[in-house]
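2 protein chains.
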Amino acid sequence: MNKVKSYRLNQGLTQTQLAYKVNVARQTISLIENDKYNPSLNLCKQIAKVLHTDLNSLFGGN
Amino acid sequence: MNKVKSYRLNQGLTQTQLAYKVNVARQTISLIENDKYNPSLNLCKQIAKVLHTDLNSLFGGN
DNA sequence: CTTTTTTGTCAATTATATATGGCAAAAAAT
DNA sequence: ATTTTTTGCCATATATAATTGACAAAAAAG
Numbered sequence: 001m002n003k004v005k006s007y008r009l010n011q012g013l014t015q016t017q018l019a020y021k022v023n024v025a026r027q028t029i030s031l032i033e034n035d036k037y038n039p040s041l042n043l044c045k046q047i048a049k050v051l052h053t054d055l056n057s058l059f060g061g062n
Numbered sequence: 001m002n003k004v005k006s007y008r009l010n011q012g013l014t015q016t017q018l019a020y021k022v023n024v025a026r027q028t029i030s031l032i033e034n035d036k037y038n039p040s041l042n043l044c045k046q047i048a049k050v051l052h053t054d055l056n057s058l059f060g061g062n
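In order, the protein sequence lines correspond to chains A and B. All residue numbers in the first sequence are consecutive under full-length UniProt numbering, ending with 62. All residue numbers in the second sequence are consecutive under full-length UniProt numbering, ending with 62.
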């Protein structure tokens with residue numbers, strides 16, 4: 001559903017590296033990428049910033 | 001910071017009406033509009049849909 | 001093939017988003 | 001000026017996001 005994994009791989013980052021950059025646990029990134037739950041807005045914004053994109057591009061789809 | 005209040009008023013909705021449409025308590029809308037906390041992504045998406053806009057427009061700023 | 005890295009998932013715990021009820025102040029309506 | 005509606009805020013309670021540690025499987029590297 002979301003495009004976090006796609007953008008993360010484009011930046012050459014591992015889940016662990018992305019998690020470190022946005023100050024969450026690696027598991028949190030894994031769960032988000034698999035649409036296993038519902039992250040907070042602030043976390044979404046941080047991820048968008050680190051992946052050089054925006055909320056609509058990462059989470060805008062259905 | 002965010003533009004929920006602005007878009008809500010444009011649609012002629014009260015906090016209570018918006019809360020009802022997105023299935024949360026009125027207080028939740030009040031807190032979000034005043035940037036008093038950090039809503040979930042799903043709630044942000046529902047609000048965007050009801051207000052006929054998108055994540056970037058509502059929450060994209062800083 | 002063997003070793004190392006990366007990822008998915010589980011269980012238990014902690015932090016915090018959201019709910020509920022209520023009250024006062026501001027705004028709008030009469 | 002008075003009444004009604006709308007909003008901000010304060011408690012307490014509940015649901016769930018996020019943490020931590022650990023293990024196995026898949027993928028990548030050697």
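Heads up, the beta-carbon is just placed ideally off N, CA and C, and yes, glycines get one too. The model shown is predicted, which means the values in this text are computed figures rather than measured ones.
Please tell me whether residue i has its Cβ less than 7 Å away from any Cβ of chain A.
{"i": "residue 23 (chain B)", "result": "no"}
{"i": "residue 38 (chain B)", "result": "yes"}
Below 8 Å on the Cβ atoms is my contact criterion, and I expect residue i with residue j to pass it. Report the Cβ-Cβ distance as a whole number of Å.
{"i": "residue 1 (chain A)", "j": "residue 60 (chain A)", "result": "Residue 1 (chain A) to residue 60 (chain A), Cβ: 11 Å. No contact."}
{"i": "residue 9 (chain A)", "j": "residue 50 (chain A)", "result": "Wrong, their Cβ atoms sit about 13 Å apart, outside the cutoff."}
For residue i, is the classification buried or exposed, using 16 other Cβ atoms within 10 angstroms of its Cβ as the cut-off for buried?
{"i": "residue 7 (chain A)", "result": "buried"}
{"i": "residue 45 (chain A)", "result": "buried"}
{"i": "residue 66 (chain B)", "result": "Limits of chain B in this structure are 1 at one end and 62 at the other, which puts residue 66 (chain B) out of reach."}
Going by CA-CA distance only, name the one from the options that's closest to residue i.
{"i": "residue 16 (chain B)", "options": "B:10, B:48 and B:30", "result": "B:30"}
{"i": "residue 41 (chain B)", "options": "B:22, B:12, B:13 and B:14", "result": "B:22"}
{"i": "residue 11 (chain B)", "options": "B:56, B:52 and B:58", "result": "B:52"}
{"i": "residue 43 (chain B)", "options": "A:32, A:14 and A:38", "result": "A:38"}
For residue i, decide whether its Cβ has a neighbour in chain B, counting only Cβ atoms nearer than 7 Å.
{"i": "residue 54 (chain A)", "result": "yes"}
{"i": "residue 18 (chain A)", "result": "no"}
{"i": "residue 42 (chain A)", "result": "yes"}
Taking a contact to mean a Cβ-Cβ separation below 7 Å, would you say residue i touches residue j in this structure?
{"i": "residue 34 (chain A)", "j": "residue 54 (chain B)", "result": "no"}
{"i": "residue 3 (chain A)", "j": "residue 58 (chain A)", "result": "yes"}
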